[in-house]
Amino acid sequence: MGGRICLKGFNYHRPNLLASKMIPQNADICSNRKISFMRELLNMKLILKTFIVAGSAVALFLGGILLVIGPMLLKDANAMDKRSVSKDLNRIEFYLDSDLDALNRTNLDWAVWDDSYNFLQGQYSDYPEINLMPETYENNFVNFILFKDQSGKTIYQGGYDLNRKAPIQLSSAFSDPFDDMKADKGFVQTEFGLALFSLQPVYRSNGSGPKAGFLIMGKLLDQAYISKVGKELSMALSFRKVEQIKGINPEIESFSDTTIRGAHYLRDYGGANLYMISLLQEREFYLQRLVSLKQIFYYILAFSGLLLVLALILLDRFILSRVARLSENLRGIQERRDTGLRLPISSKHRDEITNLEQSINKVLASLEDKNREITNLAYIDQLTGLPNQAYLFEHYLTSLKGMKAVFFFDLDGFKRINDTLGHQAGDIFLKEIAEKVKALADEMNGLFARLAGDEFALLVGTSERTKLEGIASRILSQVGKEYETFQYKAFTTASVGIAVSPLDGTSLDALLQKADIAMYEAKSTGKNQYVFYEDISSDSYYKNLLELEHELKYAVERNELEIYYQPIMDKAGEHIVCVEALLRWNHPAKGLISPDKFIPIAEETGLINRMGSWVLEEAVKQVGKWHKDGLEKLGLAINLSKSQMKDGRFVEKLDEVLACYHFPPGLLQIEITESDVSDYKKELLPFVEDLRKRKVKIALDDFGVGTSSLIFLKDLPVDTIKIDRNFVKKVPFQAFDTVLLTGIYKILNELGLDCVTEGIETEEQLKYIRENSDSKLQGYYFSKPLPAPELEKQLNKLTARLI
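Just so you know, the sequence shown maps onto residues 1133 to 1935 in this note's numbering.
Structure follows, in structure tokens:
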């Protein structure tokens, strides 16, 4: 039987193969009211599209004008706004300089004074209580006053909050920024932020010396101070610390549509701190110029709109209305689905639209011819002349509505005929069988169709079982005759599946599917027979196969998959050196399902990659846990499928798992079967090299089962050979098997390859292998595959230490 087919519905509209007919101007395609409405609707669409195109052109024209004139008109306005901001920033700077000068004069007045001089000389201890009262700070508009002697020691420091009318507690480090200061005034960073300061030497009132020390006065430059400045200068000001000066032009911080923001930067005496006074101002000149520009734009827009309307009226008169009529006539042909209709040709005009109408009529004529050919190709099998799958689905609900039963059959052994005699002979064979069975179908008013390859379907109008059995017997008889092809006599049989409506389904899709299942059952239970779907038992092979395939998809999510571990022993058979991870499916209803049953299904459906990744991660995690429990040298062997070897993502997954669980790559052994090596040698070599780069070991499993074992040892870089259990079964009692196994050991020893002997079940086998090889040992004699908790008992019992 060929590949399984996927039957789907097929929608195809057969053309009405009429003679070519012209559509007159007043053809009765629909009512006059509908014609009028459609014409208006089509005209609206064309006018709308034309309006969009023309309007877009006008918009591009206006946009171009604005892009050229706009920047020119607004450039001067922007410059004027910037100059205005620059002037205001200069006013701010002048204000700060003036305030700083006033502070310096006040400080100088206090510094050249006998009382201040005597205080620093230690001759006037009541100086702070008498002179440095709250009123002193308020009257002189200062926030802090410091006295330092000649050595730089702070004799006095005091602070006052002018806003809250309360003293400020200054820390002992407050005066540190003024140590070794050379400037007499400027800005300084304090623990309260930026401040204006003045530093003056202290002399007697007559200016004579020597100087007794320094007097420092300061004023905090905070948001309250800046707000006061803004109020006096009639400006909207803000103040904040910044990291660096922004932009090429530091005076202009940012623009918006209506405002411009200027910036004046202040840096403290040490140069480490930067502050910005931000000025927000309305873009007066820009806004005025923008209003003027909008007025110009509206005048141009109004004039362009008038021109556009006039152009559309003329365009509709000579082009759009004719195109709308053309579209309307084409819609009528489309609604009738009749390529035999033709467009009327206008006699008033001889232009490109007339030429288009003539060209469309030529295309319609060509389509009429092609539709005839396509109909034949779409519904008829070109080899046998039988209806095809598309025809069945298209006509089942109409002309085939009375069909009650479906026979689905394919030819047993047809592949052998095709392969031995060639495809041409196979085609002749198919045509002869089709001719014979079609005669049978015509006799009972049934429909015989070829579905694909050597698969056929017969639909009949009866559901009586006795009649259906008779038809099935005649199909077997017709197909089972001897046919002569290219002077060769060919013989084949048929496997027939039968589904009956409504017992097995009412749709053609359901009936074909059920008949296909019944046919597969007939083939799997002997061939050359017919099977009714209703006779298939619930435990049929095919049903079980489908059921397993379906349930396997959810086995991982439902935690039905388990990993069993079988120990691999050292040469002496005393210590476990490795465990092989083996996948098991513990079905909740069917119990343990043999890997021989579900692994091939997983391979065929593509589930094996997902399952293999799960086994890899779970096994590495479990053995990694045993490593932490003290079995640091315990190895892990994992079997790999051919699909995983061809999947480029496996190596990425391997890296991820080894890194996640900190598993030593040298303790991981990947096992590949000899049959996979022979089938996928080219793909396998790069894969093996990738594993070896990661220091992961490679084992060749089932050694000796294939046909080219020794050649594989030459070409494939493996670390370990696992000798198949079939070599061990009759050792040491059968001389041939014993000599053969001994020879394999000698070859592997000469090649320097590690060896594991599988299938050890008896004491005699163990004794012989230990005496004649250095092979590691595996088999039921030591332990069958066990779940992880049970294997832990074996580990504790058999493994005193790992070697």
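Backbone N, C-alpha and C fix where the C-beta goes; we use that ideal spot for every residue, glycine too. Quantities reported herein were computed from a predicted structural model and do not represent experimental measurements.
Pick helix, strand or coil for residue 1700, following the three-state DSSP scheme.
-> Locating residue 1700 in the sequence shown gives position 568, counting from the first residue. Strand at residue 1700.
Do the segment 1821 to 1838 and the segment 1798 to 1807 meet, that is, are 3 or more Cβ pairs less than 8 Å apart?
-> yes
Can you have a look at residue 1513 and say buried or exposed, based on whether 16 or more other CB atoms are within 10 angstroms of its CB?
-> Here residue 1513 is taken as the residue at index 381 of the sequence shown, counted from 1. Residue 1513 comes out buried.
Tell me, which residues are paired with residue 1718 by DSSP?
-> Your numbering for residue 1718 matches position 586 in the sequence shown. BP columns for residue 1718 point to 1724.
Can you find a CB in chain C that lies within less than 8 Å of the CB of residue 1433?
-> This model lacks chain C altogether; it includes just one protein chain.
Local conformation of residue 1580 per DSSP, three classes = Taking the sequence shown and counting its residues from 1, the one referred to as residue 1580 is at position 448. Strand, per DSSP.
Beta-carbon proximity check, residue 1395 vs residue 1410, cutoff 8 Å | Mapped onto the sequence shown, residue 1395 falls at position 263. Mapped onto the sequence shown, residue 1410 falls at position 278. Result yes, Cβ atoms of residue 1395 and residue 1410 sit closer than 8 Å.
Tell me the start and end of each unbroken beta strand (DSSP E) in the segment 1230 to 1306 that is at least 3 residues and wholly inside, in chain order.
-> 1276 to 1281, 1286 to 1293 and 1298 to 1300
Determine contact between the segment 1188 to 1208 and the segment 1347 to 1356, defined as no fewer than three beta-carbon pairs at a distance below 8 Å.
-> no
Check each candidate in 1195, 1369 and 1539 and name the one with the smallest Cα separation from residue 1663.
-> For the purposes of this step, residue 1663 is taken as residue 531 along the sequence shown, with counting starting at 1. The residue with the shortest Cα to Cα distance from residue 1663 is 1539.
To which residues does DSSP link residue 1370 through a beta bridge?
-> Translated into the one-based positions of the sequence shown, residue 1370 becomes position 238. 1410, per the DSSP bridge assignment.
Is the beta carbon of residue 1270 sitting closer than 8 Å to the one on residue 1294?
-> The count along the sequence shown starts at 1 and reaches residue 1270 at position 138. The count along the sequence shown starts at 1 and reaches residue 1294 at position 162. It is a contact, given that the beta carbons lie within the stated cut-off.
Straight-line CA distance for residue 1732 to residue 1681?
-> Here the question's residue 1732 lines up with position 600 in the sequence shown. Here the question's residue 1681 lines up with position 549 in the sequence shown. Distance between the alpha carbons of residue 1732 and residue 1681: 10 Å.
In the structure shown, what three-state DSSP assignment does residue 1805 receive?
-> To locate residue 1805, count along the sequence shown from 1; it is residue 673. It is a strand residue.
Just confirm the distance between the C-beta atoms of residue 1822 and residue 1783, as a whole number of angstroms; I'd bet it's less than 8 Å.
-> Here residue 1822 is taken as the residue at index 690 of the sequence shown, counted from 1. Here residue 1783 is taken as the residue at index 651 of the sequence shown, counted from 1. At roughly 5 Å, the Cβ-Cβ gap stays under 8 Å, so residue 1822 and residue 1783 are in contact.
Nearest neighbour of residue 1477, chosen from 1467, 1488 and 1471 [CA to CA] = In the sequence shown, residue 1477 corresponds to position 345, counting from 1. Among 1467, 1488 and 1471, the Cα nearest to that of residue 1477 belongs to 1488.
Below 8 Å on the Cβ atoms is my guess for residue 1756 versus residue 1697; work out the distance and round it to an integer in Å.
-> Against the sequence shown, residue 1756 aligns to sequence position 624. Against the sequence shown, residue 1697 aligns to sequence position 565. Their Cβ separation, rounded to whole angstroms, is 13 Å, which puts residue 1756 and residue 1697 out of contact at 8 Å.
In the segment 1723 to 1781, which residue ranges form an unbroken beta strand (DSSP E) of at least 3 residues, counting only runs that do not cross its ends?
-> 1723 to 1725 and 1767 to 1771
Measuring CA to CA, which of 1422, 1623 and 1719 is closest to residue 1202?
-> As a working note, residue 1202 is residue 70 in the sequence shown. Measuring from the Cα of residue 1202, the nearest candidate turns out to be 1422.
Of the residues 1568, 1387, 1495 and 1432, the one placed nearest residue 1517, counting alpha carbons only = Counting from 1 along the sequence shown, the entry for residue 1517 is found at position 385. When only C-alpha atoms are compared, the closest one is 1568.
Would DSSP call residue 1477 helix, strand or coil?
-> Counting from 1 along the sequence shown, the entry for residue 1477 is found at position 345. Correct three-state label for residue 1477: coil.
Contact check, residue 1595 vs residue 1647 under 8 Å by CB: the rounded distance?
-> Within the sequence shown, the letter at position 463 stands for residue 1595. Within the sequence shown, the letter at position 515 stands for residue 1647. Contact flag wrong, Cβ pair sits at about 13 Å.
Can you tell me whether DSSP reads residue 1707 as helix, strand or coil?
-> Mapped onto the sequence shown, residue 1707 falls at position 575. Note: residue 1707 maps to coil in three-state DSSP.
Proximity to residue 1337 [Cα-Cα], best of 1284, 1264, 1275 and 1245 | Here the question's residue 1337 lines up with position 205 in the sequence shown. If we check each option's Cα against that of residue 1337, 1245 comes out closest.
Looking only at its own chain, which residues have a Cβ that is under 8 Å from the Cβ of residue 1934, when we skip the five neighbours before and after it?
-> Along the sequence shown, read from residue 1 onward, the residue named residue 1934 stands at position 802. Summary for residue 1934: the model assigns pLDDT 41, below 50, so the residue's position carries little reliability; its value from the coordinates is reported in the next sentence. Excluding sequence neighbours, residue 1934 sits near 1707, 1708, 1709, 1763, 1764, 1765 and 1766.
As assigned by DSSP and simplified to three states, the class of residue 1920 | Reading the sequence shown from its first residue, position 788 is the one you call residue 1920. The answer is helix: DSSP assigns residue 1920 an H, G or I state.
Enclosing alpha helix (DSSP H) for residue 1505 [first to last residue] | As a first step, residue 1505 is located in the sequence shown; it is residue number 373 there, counting from the start. Where residue 1505 is concerned, the enclosing alpha helix (DSSP H) stretches over 1484 to 1511.
What is the rounded straight-line gap between the Cα of residue 1584 and the Cα of residue 1657?
-> Translated into the one-based positions of the sequence shown, residue 1584 becomes position 452. Translated into the one-based positions of the sequence shown, residue 1657 becomes position 525. If you take the alpha carbons of residue 1584 and residue 1657, they lie about 23 Å apart.
Helix, strand or coil: how does DSSP classify residue 1870 here?
-> On the sequence shown, position 738 is the one that residue 1870 refers to. Of the three classes helix, strand and coil, the one that applies to residue 1870 here is helix, per DSSP.
Let me know if residue 1408 comes out buried or exposed under the rule of 16 or more other beta-carbons within 10 Å of its beta-carbon.
-> Within the sequence shown, residue 1408 is the residue found at index 276, counting from 1. Its Cβ being crowded by 16 or more others within 10 Å, residue 1408 is buried.
Determine the closest residue to residue 1330 out of 1481, 1222 and 1234, with distance taken between C-alpha atoms.
-> Counting from one through the sequence shown, the residue named residue 1330 turns up at place 198. When each option's Cα is compared against that of residue 1330, the closest is 1234.
Does the beta-carbon of residue 1464 have 16 or more other beta-carbons within 10 angstroms, so that it is buried, or is it exposed?
-> Sequence index remark: in the sequence shown, residue 1464 carries index 332 (1-based). So residue 1464 ends up on the buried side.
Could you give the C-beta distance for residue 1860 and residue 1910, rounded to a whole number, given that I count them as a contact under 8 Å?
-> Numbered from 1 along the sequence shown, position 728 holds the residue referred to as residue 1860. Numbered from 1 along the sequence shown, position 778 holds the residue referred to as residue 1910. About 10 Å; that fails the 8 Å criterion.
Quick one: what does DSSP say residue 1355 is sitting in, helix, strand or coil?
-> Along the sequence shown, read from residue 1 onward, the residue named residue 1355 stands at position 223. In the structure shown, residue 1355 sits in a helix (DSSP, three-state: H, G or I).
Between 1495, 1451 and 1438, which lies nearest to residue 1462 when the distance is taken from Cα to Cα?
-> Within the sequence shown, the letter at position 330 stands for residue 1462. If we check each option's Cα against that of residue 1462, 1495 comes out closest.
Which word fits residue 1966, buried or exposed, when buried means at least 16 other C-beta atoms lie within 10 angstroms of its C-beta?
-> This structure cannot settle anything about residue 1966, because the visible part of the chain is limited to 1133 through 1935.
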